[in-house]
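Chemist: Okay, handing you the structure first.
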Amino acid sequence: MTDGNRRAARSPTRSKYAPAQLDESEILRRGLETFAELGYAATTVRELARRLEVSHNFINDRYGSKGDFWRAVVDFALLDDQNEFDHRLAESRDDDERLRGVIVQLYRRSANASAMNRLLADESTRDSDRLDYLHERFIKPFWDSIEPTINRLIAAGRIPQVPPHVLYTAITGPALALAQDPVADRLNPAAAPAAKQDRKSMADTLSSLVLHGLLRPCRQ
Numbered sequence: 001m002t003d004g005n006r007r008a009a010r011s012p013t014r015s016k017y018a019p020a021q022l023d024e025s026e027i028l029r030r031g032l033e034t035f036a037e038l039g040y041a042a043t044t045v046r047e048l049a050r051r052l053e054v055s056h057n058f059i060n061d062r063y064g065s066k067g068d069f070w071r072a073v074v075d076f077a078l079l080d081d082q083n084e085f086d087h088r089l090a091e092s093r094d095d096d097e098r099l100r101g102v103i104v105q106l107y108r109r110s111a112n113a114s115a116m117n118r119l120l121a122d123e124s125t126r127d128s129d130r131l132d133y134l135h136e137r138f139i140k141p142f143w144d145s146i147e148p149t150i151n152r153l154i155a156a157g158r159i160p161q162v163p164p165h166v167l168y169t170a171i172t173g174p175a176l177a178l179a180q181d182p183v184a185d186r187l188n189p190a191a192a193p194a195a196k197q198d199r200k201s202m203a204d205t206l207s208s209l210v211l212h213g214l215l216r217p218c219r220q
């Protein structure tokens with residue numbers, strides 16, 4: 001037997017990594033963490049395969065392309081959110097309660113979704129087809145659902161009349177900032193690490209602060 005045959009006998013023919021041993025949700029969760037950490041451009045199919053411990057052609061075989069995998073990741077992270085917002089809007093009694101309920105829910109959701117926050121913050125600065133996808137699938141439906149409430153509150157003098165993108169930034173910007181734990185730790189070094197603090201309490205404090213500045217008191 002030649003040396004080459006001996007090596008072949010010892011090493012069965014297979015890809016560098018075995019087929020995926022992870023369930024779908026874990027595959028997508030790891031994909032989300034990778035895109036959030038590295039950004040889309042720097043996230044290669046090879047790097048995704050390494051982190052998923054799969055063969056290099058796994059992403060293309062199962063999802064079609066890196067772009068298709070990115071869309072699957074985003075759908076996994078955000079697809080149920082709008083149903084929750086719609087439910088909150090439907091069960092509220094008035095516009096004040098509707099807006100408060102949605103913002104509190106948004107901030108609580110964001111407090112425990114740092115990877116998605118980083119991805120959204122990064123993609124929102126880039127004019128790309130990925131931003132088009134985020135806008136059509138998630139950003140626009142969210143804004144369309146709360147815009148009638150906001151318009152009525154503006155007409156009632158409860159919210160200042162400013163351009164929609166300014167209001168969008170005022171509402172969503174602080175929620176995305178909940179992912180900035182390293183900054184929080186530097187600003188408040190005496191406290192416990194931000195990642196280990198009560199995330200719900202942190203979200204509620206921030207949403208109360210934002211709502212206090214956004215909503216003027218009711219006219220008597």
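For the sequence shown, position 161 (counting from the first letter as 1) is numbered 161 according to UniProt numbering, and the numbering increases by one without interruption. All C-beta atoms, glycine included, are put in the ideal place defined by N, C-alpha and C. Just so it is clear, the structure is predicted and the values come from calculations on it, not from any experiment.
Whose CA, out of Ala-184, Glu-136, Ala-177, lies closest to the CA of residue 222?
Modeler: Past the edges of the chain, shown from 1 to 220, lies residue 222, and the structure says nothing about it.
Chemist: Quick check: Val-210 and Ile-103, are their CB atoms within less than 8 Å of each other?
Modeler: Cβ distance < 8 Å, so Val-210 and Ile-103 count as in contact.
Chemist: Within 8 Å, do at least three Cβ pairs link the stretch 18-36 to the stretch 78-94?
Modeler: No, the stretch 78-94 does not touch the stretch 18-36.
Chemist: Does any CB atom of chain D fall closer than 8 Å to the CB of Val-210?
Modeler: Within the model displayed, chain D is absent; a lone protein chain is all it includes.
Chemist: Any idea what DSSP makes of Gly-31, helix, strand or coil?
Modeler: DSSP places Gly-31 in helix when its eight states are reduced to three.
Chemist: Could you compute how far the alpha carbon of Cys-218 sits from the alpha carbon of Lys-196?
Modeler: Taking the straight line from one Cα to the other gives about 37 Å.
Chemist: Could you tell me the alpha carbon to alpha carbon distance between Ala-54 and Leu-214, rounded to whole angstroms?
Modeler: Reading off the sequence, residue 54 comes out as Val, not Ala. Approximately 48 Å, taken between the alpha carbons.
Chemist: Would you mind sorting Ala-41 into buried or exposed? The rule is 16 or more other CB atoms within 10 Å of its CB.
Modeler: So Ala-41 ends up on the exposed side.
Chemist: Can you give the Cα-Cα distance for Glu-26 and Gly-101, rounded to whole angstroms?
Modeler: Each residue's Cα considered, the two are about 30 Å apart.
Chemist: What is the residue span of the alpha helix (DSSP H) that Lys-196 lies within?
Modeler: That residue, Lys-196, is in no alpha helix (DSSP H); it is neither H nor E in DSSP.
Chemist: Does DSSP put Pro-148 in a helix, a strand or coil?
Modeler: DSSP places Pro-148 in helix when its eight states are reduced to three.
Chemist: Quick check on Asn-60: does DSSP put it in helix, strand or coil?
Modeler: Of the three classes helix, strand and coil, the one that applies to Asn-60 here is helix, per DSSP.
Chemist: Have a look at Ala-121 and Ala-115 and give me their C-alpha separation to the nearest angstrom.
Modeler: Each residue's Cα considered, the two are about 10 Å apart.
Chemist: Classify Thr-205 as helix, strand or coil using the three-state DSSP reduction.
Modeler: Helix.
Chemist: Compare the C-alpha of Ala-194 against each of Ser-201, Lys-200, Ala-184 and name the closest.
Modeler: Ala-194 has its Cα closest to that of Ala-184, out of Ser-201, Lys-200, Ala-184.
Chemist: Please report the residue range of the alpha helix (DSSP H) in which His-165 lies.
Modeler: Start and end: 164-177.
Chemist: Could you have a look at Arg-10 and say whether DSSP puts it in helix, strand or coil?
Modeler: For Arg-10, the predicted model reports a pLDDT of 41, less than 50, meaning its position is unreliable and no value from the coordinates is stated.
Chemist: Quick check on the DSSP output: the alpha helix (DSSP H) that includes Glu-123 runs from which residue to which?
Modeler: 114-123 is the span of the alpha helix (DSSP H), which, as asked, contains Glu-123.
Chemist: Taking the alpha carbon of Leu-167 as the reference point, which residue from Asp-181, Glu-147, Pro-182 has its own alpha carbon closest?
Modeler: Nearest of Asp-181, Glu-147, Pro-182 to Leu-167, Cα basis: Glu-147.
Chemist: Count the other CB atoms, across all protein chains shown, that sit within 10 Å of the CB of Glu-47; report buried if there are 16 or more and exposed otherwise.
Modeler: It is exposed - the Cβ of Glu-47 has fewer than 16 other Cβ atoms within 10 Å.
Chemist: Helix, strand or coil: how does DSSP classify Val-54 here?
Modeler: Correct three-state label for Val-54: coil.
Chemist: Where does Asp-95 land, buried or exposed, given buried means 16+ other C-beta within 10 angstroms?
Modeler: Looking at its Cβ environment, which holds 16 or more other Cβ atoms inside 10 Å, Asp-95 is buried.
Chemist: Name the two residues that bound the continuous alpha helix (DSSP H) containing Ile-103.
Modeler: First-last of the alpha helix (DSSP H) with Ile-103: 95-111.
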